[in-house]
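Visitor: Okay, handing you the structure first.
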Amino acid sequence: MTLILTARWQTKDSHTLASYESAGGYEMWKKALGMEPAAITEEVKQSGVRGRGGAGFPTGLKWTFVPQNTGKPVYLCVNADESEPGTNKDREILERDPHMLIEGSLIAARAIRCKTIFFYIRGEFDLAYRRIVTAAEEARRAGHFGQNIHGSGQDVDFIICKGGGAYVCGEETGLISSVEGGRGEPKVKPPFPAVKGAFGCPTIVNNVETLAVVPWVLRHGAAAYKALGTEKSPGTKLFSVSGRVKRPGNYEVPLGYPLKQLLLEDCGGMQDGYTMKAVIPGGSSTPVLPADIALGVNLDYEAMAAVGTMLGSGGIIVIDHTQSMPDLLLVLAHFYSHESCGQCTPCREGTGWAHRILQRINAGEGTAADLKLLESVASQMSGATICALADALVMPIRGFLKHYRSEFEALLRTEVQA
Amino acid sequence: MSESPSPKLVNVNIDGQTVSVPEGMPLIDAAAKLGIDIPRFCYHPNLPVAGNCRMCAVEVDKARGLPISCATPCTEGMVARTQTDTVKKHRAAVMEFLLVNHPIDCPICDQAGECTLQQYYMQHDLQTSRLEVEKVHYDKRVDIGPRVVLDQERCVECTRCIRFCDHVTGSSELLMVNRGDHNAISTFPGTSLDNDYSVNTADICPVGALTEKDFRFKARVWFLKEQATICPGCSKGCNVDVSYGDHAILADYNGKAFRVKPRVNDAVNKAWMCDFGRSEYRRVNDGRLSAPSASALAELTASASARLAAAGPKAVLITGFEATLEEMALVRALAARLGCKALAVADRADGKADDLLLEADKHPNRKGAEWLGLAADAAQVARALRGAEVVLVHRADIVGSCPELAEAFAAVPQRIVLASQESATSRAATAVLAGASFLEKDGHWVNSAGRVQRIAKPQSWRIPAGREDDLQILAGLGAADGRVRAHEVFARLAHEVAALRGLSFASSGQGGVMGGGACA
Numbered sequence: 102m103t104l105i106l107t108a109r110w111q112t113k114d115s116h117t118l119a120s121y122e123s124a125g126g127y128e129m130w131k132k133a134l135g136m137e138p139a140a141i142t143e144e145v146k147q148s149g150v151r152g153r154g155g156a157g158f159p160t161g162l163k164w165t166f167v168p169q170n171t172g173k174p175v176y177l178c179v180n181a182d183e184s185e186p187g188t189n190k191d192r193e194i195l196e197r198d199p200h201m202l203i204e205g206s207l208i209a210a211r212a213i214r215c216k217t218i219f220f221y222i223r224g225e226f227d228l229a230y231r232r233i234v235t236a237a238e239e240a241r242r243a244g245h246f247g248q249n250i251h252g253s254g255q256d257v258d259f260i261i262c263k264g265g266g267a268y269v270c271g272e273e274t275g276l277i278s279s280v281e282g283g284r285g286e287p288k289v290k291p292p293f294p295a296v297k298g299a300f301g302c303p304t305i306v307n308n309v310e311t312l313a314v315v316p317w318v319l320r321h322g323a324a325a326y327k328a329l330g331t332e333k334s335p336g337t338k339l340f341s342v343s344g345r346v347k348r349p350g351n352y353e354v355p356l357g358y359p360l361k362q363l364l365l366e367d368c369g370g371m372q373d374g375y376t377m378k379a380v381i382p383g384g385s386s387t388p389v390l391p392a393d394i395a396l397g398v399n400l401d402y403e404a405m406a407a408v409g410t411m412l413g414s415g416g417i418i419v420i421d422h423t424q425s426m427p428d429l430l431l432v433l434a435h436f437y438s439h440e441s442c443g444q445c446t447p448c449r450e451g452t453g454w455a456h457r458i459l460q461r462i463n464a465g466e467g468t469a470a471d472l473k474l475l476e477s478v479a480s481q482m483s484g485a486t487i488c489a490l491a492d493a494l495v496m497p498i499r500g501f502l503k504h505y506r507s508e509f510e511a512l513l514r515t516e517v518q519a
Numbered sequence: 194m195s196e197s198p199s200p201k202l203v204n205v206n207i208d209g210q211t212v213s214v215p216e217g218m219p220l221i222d223a224a225a226k227l228g229i230d231i232p233r234f235c236y237h238p239n240l241p242v243a244g245n246c247r248m249c250a251v252e253v254d255k256a257r258g259l260p261i262s263c264a265t266p267c268t269e270g271m272v273a274r275t276q277t278d279t280v281k282k283h284r285a286a287v288m289e290f291l292l293v294n295h296p297i298d299c300p301i302c303d304q305a306g307e308c309t310l311q312q313y314y315m316q317h318d319l320q321t322s323r324l325e326v327e328k329v330h331y332d333k334r335v336d337i338g339p340r341v342v343l344d345q346e347r348c349v350e351c352t353r354c355i356r357f358c359d360h361v362t363g364s365s366e367l368l369m370v371n372r373g374d375h376n377a378i379s380t381f382p383g384t385s386l387d388n389d390y391s392v393n394t395a396d397i398c399p400v401g402a403l404t405e406k407d408f409r410f411k412a413r414v415w416f417l418k419e420q421a422t423i424c425p426g427c428s429k430g431c432n433v434d435v436s437y438g439d440h441a442i443l444a445d446y447n448g449k450a451f452r453v454k455p456r457v458n459d460a461v462n463k464a465w466m467c468d469f470g471r472s473e474y475r476r477v478n479d480g481r482l483s484a485p486s487a488s489a490l491a492e493l494t495a496s497a498s499a500r501l502a503a504a505g506p507k508a509v510l511i512t513g514f515e516a517t518l519e520e521m522a523l524v525r526a527l528a529a530r531l532g533c534k535a536l537a538v539a540d541r542a543d544g545k546a547d548d549l550l551l552e553a554d555k556h557p558n559r560k561g562a563e564w565l566g567l568a569a570d571a572a573q574v575a576r577a578l579r580g581a582e583v584v585l586v587h588r589a590d591i592v593g594s595c596p597e598l599a600e601a602f603a604a605v606p607q608r609i610v611l612a613s614q615e616s617a618t619s620r621a622a623t624a625v626l627a628g629a630s631f632l633e634k635d636g637h638w639v640n641s642a643g644r645v646q647r648i649a650k651p652q653s654w655r656i657p658a659g660r661e662d663d664l665q666i667l668a669g670l671g672a673a674d675g676r677v678r679a680h681e682v683f684a685r686l687a688h689e690v691a692a693l694r695g696l697s698f699a700s701s702g703q704g705g706v707m708g709g710g711a712c713a
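The listed protein sequences derive, respectively, from chains A and B.
The opening position of the first sequence corresponds to residue 102 in my numbering, with each subsequent residue numbered one higher.
The opening position of the second sequence corresponds to residue 194 in my numbering, with each subsequent residue numbered one higher.
Quick look at the structure:
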């Protein structure tokens with residue numbers, strides 16, 4: 102099986118420049134320096150790489166949205182603010198192969214004619230942060246970025262920004278607000294960042310995993326990448342498997358890979374004494390699948406959509422039979438209400454309200470009216486806000502109630518007729 | 194007007210009506226042109242768009258979901274609907290969300306009666322509460338600045354106040370702290386909301402989160418009325434509304450002014466005014482001069498008139514830069530009849546100025562005095578006073594403002610003062626005639642840019658006995674025969690004074706009109 106992202110993870114000191122360069126690292130960057138930006142973009146476009154932050158938007162196409170000749174600088178923001186519960190793929194890339202990511206970022210910068218890369222990393226990351234800082238310093242000393250890179254006459258700067266610990270800064274315009282030094286709040290779109298992003302300039306925001314495959318695409322060609330995965334979901338993807346499976350962790354598989362094979366074979370199936378109850382397939386915001394449906398679905402964007410859920414960030418949360426679903430939904434509601442930036446009315450008030458309703462239900466104080474109210478609050482929040490954070494709670498609420506309503510009903514207080 | 198090319202016009206259709214607007218105009222403003230009031234909390238035409246309240250969402254053809262009309266630029270052929278069931282349901286949902294953590298303490302809230310949340314509850318919500326869980330509590334009565342007080346519980350987090358301080362004053366004292374439903378407006382540590390325009394934050398606050406300390410708990414707004422007029426505080430001439438008492442039962446309120454708020458005029462002050470101007474309502478209430486009765490005032494006026502007539506050319510007439518154009522015209526007419534000098538003089542020192550609204554010249558009508566040929570400096574006035582037998586000082590505290598003039602004034606045997614408030618000059622007078630405050634008369638001031646703007650009195654107001662409109666007193670002193678009317682005086686001025694040519698009471702309207710031949 103072809104591995105792109107995890108190919109060097111078992112190599113000793115894979116995070117060092119020496120290790121990366123011994124495996125041909127930064128050769129593609131040197132090649133890209135001599136290429137026309139449009140040619141790089143075209144190659145990535147042809148490869149069919151899609152954004153791995155969760156939305157799955159075609160990466161090469163996104164790059165073409167940068168307007169030319171505006172007279173303004175163009176920025177690339179590397180989104181390393183990985184915060185979706187259940188997702189820890191980017192962190193491991195940062196920790197194990199930071200140079201591959203830096204090289205991919207530099208190539209992307211060249212493709213969009215960007216001279217300043219903002220590398221935005223989640224505030225809670227520690228080892229990953231130290232690894233990227235060290236790697237950037239090594240790359241700078243080696244002349245891979247800075248002034249007049251490798252005598253090409255080109256300049257690219259690489260600025261690392263550490264987040265303050267807000268989930269919403271992983272949303273691209275929230276990230277831009279934070280990079281600008283403002284409060285981490287998503288911005289009204291349009292204008293889209295590609296036209297008017299950081300500091301009012303054209304800006305592309307790409308996820309870590311997305312950028313990390315760019316050197317491979319340039320080395321092996323778009324066709325080689327497209328040969329992996331499915332027609333509409335080409336390439337490989339990292340999946341973070343958590344829950345009571347025997348071997349949780351990050352797995353790289355080609356898109357279209359059967360979820361059943363990943364969970365039952367690669368991860369070794371459930372731990373002894375536990376049975377699989379449900380799977381949240383793409384990070385905690387994606388609708389939950391009961392085990393029987395989950396084990397029949399393939400890991401690609403289209404197959405997931407067909408069963409009413411999303412591939413998302415690839416954070417696969419396996420839920421075992423001991424887990425109370427109302428309790429789990431309470432945890433999620435707490436997370437999203439706590440992480441709501443609070444600017445949009447429906448999200449600010451709705452996520453908190455939903456959380457408190459779930460507290461009431463879980464405490465055995467809820468009534469049938471509370472359950473209806475929870476659904477109503479969810480539908481009033483849905484699609485009514487600047488970013489998708491409110492919907493990131495709406496989807497679990499709907500998914501949990503669709504498949505596990507009886508568990509919620511069992512907790513309700515019976516109303517005594519007066 | 195400027196040379197900039199006029200923007201391309203586009204046709205948009207809203208609720209079945211078509212309107213032609215400049216391309217890119219926010220849909221919410223295009224709707225307003227059709228008289229369609231799309232509800233909003235965070236949108237303010239003079240501030241950058243935030244798009245956070247979500248109240249102004251409408252249906253737009255070919256757009257996904259419900260786009261917010263404040264952030265939807267008009268394009269050719271755009272079709273929008275603001276009254277569909279989907280839109281109405283959305284508005285009710287936003288209202289319900291806003292009330293989830295709102296204390297609903299209207300009975301003790303000073304915003305009650307002019308609260309957007311109350312108004313929209315009646316227009317767009319009217320649901321009973323479904324809230325069965327505890328509300329989030331925040332701080333109340335937060336002393337965030339010398340003139341504004343904050344109630345964090347009532348806040349709807351629209352961020353208008355933050356954007357005002359960031360983009361209008363540039364002073365950035367305010368910020369949002371915390372996240373989600375624990376969001377709260379606050380000041381940066383070690384700072385206070387203490388800029389020269391801080392009370393505007395209370396004006397633009399749609400709810401009772403920010404209220405003006407000076408006005409708080411003075412009166413319920415439904416007992417007050419508002420009069421459109423001009424701020425007397427400086428030569429900028431900010432357009433304002435003065436709230437005044439006018440109530441059948443609450444007679445204590447009557448005759449009093451309670452506050453000054455900016456009135457929108459994009460050509461002068463947009464939607465803003467400075468904090469200093471806010472206290473100008475006190476001129477209506479405090480230190481007012483009054484004769485014991487109407488007949489006493491008539492007697493004083495007749496006696497003063499006789500003294501002026503007797504002095505003839507040995508009289509001197511002085512008016513201030515706060516007098517209206519019409520009053521100045523009568524002072525000039527009286528001087529012509531007496532064959533004496535008439536001069537207008539400053540009585541307020543230059544003060545704070547900035548590049549927003551505040552102007553150094555603290556008189557509202559210096560330009561008018563210049564146009565009427567009355568403006569003089571202290572030395573010229575002192576010279577004129579030398580050897581005078583009678584002086585009439587109208588609306589100028591020359592004694593309190595200038596030692597040289599105080600001395601010259603004291604040396605004149607007969608000193609008649611016509612003013613509305615007590616001053617060093619009125620105390621040094623031999624006769625005092627009690628005139629009207631700026632809220633009790635009709636007339637015009639000319640701001641420093643040459644805009645002729647109307648000051649006006651509430652239709653229903655009667656000046657109490659013992660005081661009189663300055664124009665009538667000046668007429669009684671011999672400037673005119675019988676009662677005069679401000680619009681007639683202005684009509685004559687428009688005929689005589691080149692800078693006012695062609696203007697009338699009708700044309701000066703509510704937004705004022707440029708005089709001086711600068712602009713039609």
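Note that CB positions come from ideal geometry on N, CA and C, so glycine has one too.
The model shown is predicted, which means the values in this text are computed figures rather than measured ones.
Leaving aside the five residues before and after residue 447(B) along the sequence, list all residues of the same chain whose C-beta is less than 7 Å from its C-beta, in chain order.
Guide: For residue 447(B), where only same-chain residues beyond five positions count, the Cβ hits under 7 Å are 438, 439 and 440.
Visitor: Does any residue of chain A bring its CB to less than 8 Å from the CB of residue 369(B)?
Guide: Yes, its Cβ sits closer than 8 Å to a Cβ of chain A.
Visitor: Can you confirm whether residue 225(A), when its beta carbon is compared against all beta carbons of chain B, has any partner nearer than 8 Å?
Guide: No, because no Cβ of chain B sits closer than 8 Å to the Cβ of residue 225(A).
Visitor: What residues in its chain sit with their C-beta under 6 Å from that of residue 212(A), if we drop five residues either side in the sequence?
Guide: Result list for residue 212(A): 138, 141, 142 and 164, in chain order.
Visitor: Looking at C-alpha atoms only, which residue of 382(B), 634(B) and 701(B) is the closest neighbour of residue 425(B)?
Guide: Comparing Cα positions, the closest option is 634(B).
Visitor: Given this structure, state the Cα-to-Cα distance separating residue 711(B) from residue 218(B), to the nearest angstrom.
Guide: With a pLDDT of only 47 at residue 711(B), under the threshold of 50, the placement of this residue in the model should not be trusted; the figure read from the coordinates follows. Near 29 Å, if we compare the C-alpha coordinates of residue 218(B) and residue 711(B).
Visitor: Going by the beta-carbon positions, is the gap between residue 489(B) and residue 659(B) smaller than 8 Å?
Guide: Yes, the pair counts as a contact, with Cβ atoms nearer than the cut-off.
Visitor: Determine contact between the region 183-202 of chain A and the region 304-314 of chain A, defined as no fewer than three beta-carbon pairs at a distance below 8 Å.
Guide: Because the criterion of three Cβ pairs below 8 Å is met, the region 183-202 of chain A and the region 304-314 of chain A touch.
Visitor: Given that a residue counts as buried once 16 or more other Cβ atoms are within 10 Å of its Cβ, and exposed if not, what is residue 457(A)?
Guide: Residue 457(A) should be labelled buried.
Visitor: Once you ignore the five residues that flank residue 248(B) on each side, which residues in its own chain have a CB closer than 7 Å to its CB?
Guide: So the qualifying residues of the chain are 232, 233, 234, 284 and 287.
Visitor: For the alpha helix (DSSP H) that residue 501(A) lies in, which residues bound it at each end?
Guide: Residues 490-510.
Visitor: Does the Cβ-Cβ distance between residue 260(A) and residue 219(A) come in under 8 Å?
Guide: Taking 8 Å as the Cβ cut-off, residue 260(A) and residue 219(A) qualify as a contacting pair.
Visitor: Helix, strand or coil, according to DSSP, for residue 513(B) in the structure here?
Guide: Strand, per DSSP.
Visitor: If the cut is a Cβ gap below 9 Å, which residues of chain B does residue 372(A) touch?
Guide: Simply none; closest approach about 35 Å.
Visitor: On the premise that residue 298(B) lies in contact with residue 329(B), defined as a C-beta separation below 8 Å, what is that separation, rounded to the nearest angstrom?
Guide: Contact doesn't hold; Cβ gap of about 15 Å is too wide.
Visitor: Compare the C-beta of residue 344(B) against all C-beta atoms of chain A and say whether one is closer than 8 Å.
Guide: Residue 344(B) does not count as touching chain A.
Visitor: Tell me where the alpha helix (DSSP H) around residue 200(A) begins and ends.
Guide: Note, residue 200(A): alpha helix (DSSP H), 199-212.
Visitor: Please name the residue in 391(A), 122(A) and 340(A) whose C-alpha comes closest to that of residue 357(A).
Guide: Ranking the options by Cα distance to residue 357(A), first place goes to 340(A).
Visitor: Determine which residues share a DSSP beta bridge with residue 259(A) and list them.
Guide: For residue 259(A), which the question treats as bridged, DSSP gives the partners 218(A).
Visitor: With a threshold of 7 Å on Cβ separation, who are the neighbours of residue 275(B) within its own chain once the five nearest residues in sequence on each side are excluded?
Guide: The residues are 207, 208, 224, 229, 231 and 251.
Visitor: Among the residues of its own chain, which have a CB less than 8 Å from the CB of residue 277(A), if the five just before and after it don't count?
Guide: 178, 288, 294, 298, 299, 304 and 306.
Visitor: For chain B, check one thing: does any of its Cβ atoms lie closer than 8 Å to the Cβ of residue 289(A)?
Guide: So yes, residue 289(A) belongs to the interface.
Visitor: Could you tell me the alpha carbon to alpha carbon distance between residue 707(B) and residue 671(B), rounded to whole angstroms?
Guide: Whole-angstrom Cα-Cα distance: 32 Å.
Visitor: Could you tell me whether the region 431-446 of chain A touches the region 396-408 of chain A, where touching means 3 or more Cβ pairs closer than 8 Å?
Guide: The region 431-446 of chain A, when compared against the region 396-408 of chain A, does not touch it at the 8 Å Cβ threshold.
Visitor: Measure from the C-beta of residue 303(A) to each C-beta in chain B and report whether the shortest distance is under 8 Å.
Guide: False, the Cβ-Cβ gap to chain B never drops below 8 Å.
Visitor: Between the alpha carbons of residue 401(B) and residue 412(B), how many angstroms are there, rounded?
Guide: Going by the C-alpha atoms only, they are around 15 Å apart.
Visitor: Evaluate the contact criterion for the region 261-268 of chain B versus the region 373-391 of chain B: three or more CB pairs, one atom per stretch, below 8 Å.
Guide: No, the region 261-268 of chain B does not touch the region 373-391 of chain B.
Visitor: Does DSSP put residue 248(B) in a helix, in a strand, or in coil?
Guide: Coil.
Visitor: Of the choices 294(B), 349(B), 343(B) and 339(B), whose alpha-carbon is the least far from that of residue 327(B)?
Guide: The option with the nearest alpha carbon to residue 327(B) is 294(B).
Visitor: Considering only the beta carbon of each residue, do residue 411(A) and residue 508(A) sit closer than 8 Å?
Guide: No, the Cβ-Cβ distance between residue 411(A) and residue 508(A) is not below 8 Å.
Visitor: At 7 Å on the CB atoms, spell out the chain B contacts of residue 265(A), in chain order.
Guide: Neighbours of residue 265(A) on chain B: none; closest Cβ ~11 Å, over 7 Å.
Visitor: So what does DSSP say about residue 716(B), is it helix, strand or coil?
Guide: With chain B represented from 194 up to 713, any question about residue 716(B) goes unanswered, as that position is not in the structure.
Visitor: As an exercise, report each continuous beta strand (DSSP E) stretch of at least 3 residues that is fully enclosed by the region 396-424 of chain A, in chain order.
Guide: Correct list: 416-421.
Visitor: With a Cβ-Cβ cutoff of 8 Å, do residue 502(A) and residue 323(B) count as a contact?
Guide: Not closer than 8 Å, so no.
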